[in-house]
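Okay, structure first, notes after.
Below you can see the structure in the form of structure tokens.
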């Protein structure tokens, strides 16, 4: 890792200008082929195009279409606030950072704001080049034209951790049936009837009318992405199972036809944690289940291979001022071995963040080889001082601080106007441990991994060996404690876009 003072700022030459029109990017898989800036510092104002100070917290991944950036924040509060249900839709000029328009989107069901798993502003917008759909997870979906005129509005309940996407001119989102209670979802719904199950639902982009709804059910925390089989059929993999006693059964995964919403096959997996992304390569589905990585035939739904991600894993670990190679066996924690939402299939590597240690892991889906690389928990940059990296200090006893609490400074959860805006103690952590992570994203040769503290790791994703040489940069989205984020990074026209509790940021010269 180079110190920030020695950075040779990278600006790629882009032959084709690619928009990022939905949370998962142009193809819905969080990946584009063009390289983008890899090294920057918001804290030191290095390689930053523009910043917009936001009046209120928000979580949505910025999307970019037709030279415009779309994102959402919570409605401005006037005092320290725990819950919120109203959001604001924003449209900005991607080149200048000027605000073009803002529109309020009220919602009837309050949620925790700045939550470590989501809030009302979390779902990213979706744009088809003529219309943009904003989702308020507190119960409202609105479609605008690019000038901000309302085209249609639906009072529909969704969930904060959903990633709506566009397919064949239609808007696909996670439809939820029972509202939160006091801002969160209690563990009391496991016996709800089929009519109360969470489902995928498709709305026509022009009219907002329902086209189809699934019948297999999915978990409210499942990240749904569009994928394709080798014969050209568009599908998505949905999962059931996870925390808060979801009612959908059986636990496991199902493949859904995106043209009709019909279930193609179901694979039961007892104790399955569905809070992960799911992609297909060469007609194989790759998923994490408890302590294993599974290869599933996407045509039949049959498990073809199982690899342990906890037993005797080659690990490149920081040791003092140097690095060492060791074999690590991780202790299972309630069957959760990856950080929720953190995984992404990139070529023949399935990347993920460990749930129990500060490790970036990957599985070679062709060979089954598993590797771990330790990453610093946090980077601190202060003008005139050397970069500092917070490395994990293993707990010596149960009374020692948890991994997520080890930091130079905890997130203060204060908005740009000085109000405390959160209701979940986990939001104050460094972005490791029991949280829902922003999904990784890829631009060209690099994997971008943002964590809740505002630290962003940039990794060469196609290296032969996952070691310290794979770390291109460790960047920041602002000073420690003041750069909280739950948004993935997005890319367009040589710029990286980020959204924190205080700012919308465009990165790149």
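In this note's numbering, the protein residues as written are 3 to 511. Heads up, the beta-carbon is just placed ideally off N, CA and C, and yes, glycines get one too.
Item, Value
"Identity of the residues DSSP links to residue 325 by a beta bridge", "320"
"For residue 365, the first and last residue of its enclosing beta strand (DSSP E)", "361 to 366"
"Neighbourhood of residue 1 by C-beta, 6 Å cutoff - its chain only, sequence neighbours within 5 removed", "Residue 1 falls outside the range modelled here, since the chain spans only 3 to 511, and no answer is possible."
"Exposure label - residue 32; buried when at least 16 CB within 10 Å", "buried"
"6 Å Cβ shell around residue 101 - same chain, five flanking residues per side excluded", "94"
"Residue 357 and residue 345 closer than 8 Å at C-beta", "no"
"Local conformation of residue 472 per DSSP, three classes", "helix"
"Residue environment, residue 167, which counts as buried when at least 16 other CB atoms sit within 10 Å", "buried"
"Residues of its chain near residue 213, where Cβ-Cβ distance is below 7 Å and the 5 sequence neighbours each way are ignored", "172, 204, 205 and 206"
"Range covered by the beta strand (DSSP E) that runs through residue 78", "Element bounds for residue 78: n/a, residue is neither H nor E."
"Nearest residue (CA-CA) to residue 158, options 110, 119 and 351", "110"
"Where residue 187 sits in the DSSP three-state scheme", "coil"
"Same chain only: Cβ atoms within 6 Å of residue 118, ignoring 5 sequence neighbours per side", "426, 428, 429 and 437"
"Three-state secondary structure (DSSP) of residue 409", "coil"
"Simplified DSSP state of residue 342, which is helix, strand or coil", "strand"
"Where residue 119 falls: helix, strand or coil (DSSP)", "coil"
"Beta-carbon separation (whole angstroms), residue 26 vs residue 165, contact threshold 8 Å", "6 Å"
"Three or more C-beta pairs below 8 Å linking the stretch 271 to 280 and the stretch 365 to 378", "no"
"Residue interval of the beta strand (DSSP E) (run including residue 380)", "380 to 382"
"Residue 391 - DSSP class collapsed to helix/strand/coil", "strand"
"Cβ distance (whole Å) where residue 455 is taken to contact residue 432 below 8 Å", "5 Å"
"Inter-residue spacing [alpha-carbon to alpha-carbon] between residue 359 and residue 453", "14 Å"
"Terminal residues of the beta strand (DSSP E) in which residue 41 lies", "From DSSP, residue 41 is part of no beta strand (DSSP E); its letter is neither H nor E."
"Buried or exposed by the 16-neighbour rule on C-beta atoms within 10 Å, applied to residue 397", "exposed"
"Sub-8 Å separation of residue 460 and residue 450 beta-carbons", "yes"
"Boundaries (first-last residue) of the beta strand (DSSP E) holding residue 519", "Given that the chain is displayed from residue 3 to residue 511, the structure contains no residue 519 and the question cannot be resolved."
"C-beta atoms of residue 413 and residue 58 nearer than 8 Å", "no"
"Where the beta strand (DSSP E) through residue 458 begins and ends", "457 to 462"
"Chain-order list of residues whose beta-carbon lies under 6 Å from that of residue 17 (same chain, five-residue window excluded)", "Confidence at residue 17 is low in this model, with a pLDDT of 34, below 50, so the placement of that residue is unreliable and no value is reported for it."
"Contact under 8 Å by Cβ, residue 225 with residue 202", "no"
"Residue from 421, 125, 216 and 335 with nearest C-alpha to residue 62", "125"
"For residue 247, three-class secondary structure by DSSP", "coil"
"Residue from 391, 383 and 439 whose Cα sits closest to the Cα of residue 45", "383"
"Own chain residues within Cβ distance below 8 Å of residue 132, not counting five before or after", "147 and 148"
"Buried or exposed (CB count within 10 angstroms, at least 16 for buried), residue 254", "buried"
"Which residues DSSP lists as bridging residue 254, in chain order", "242 and 270"
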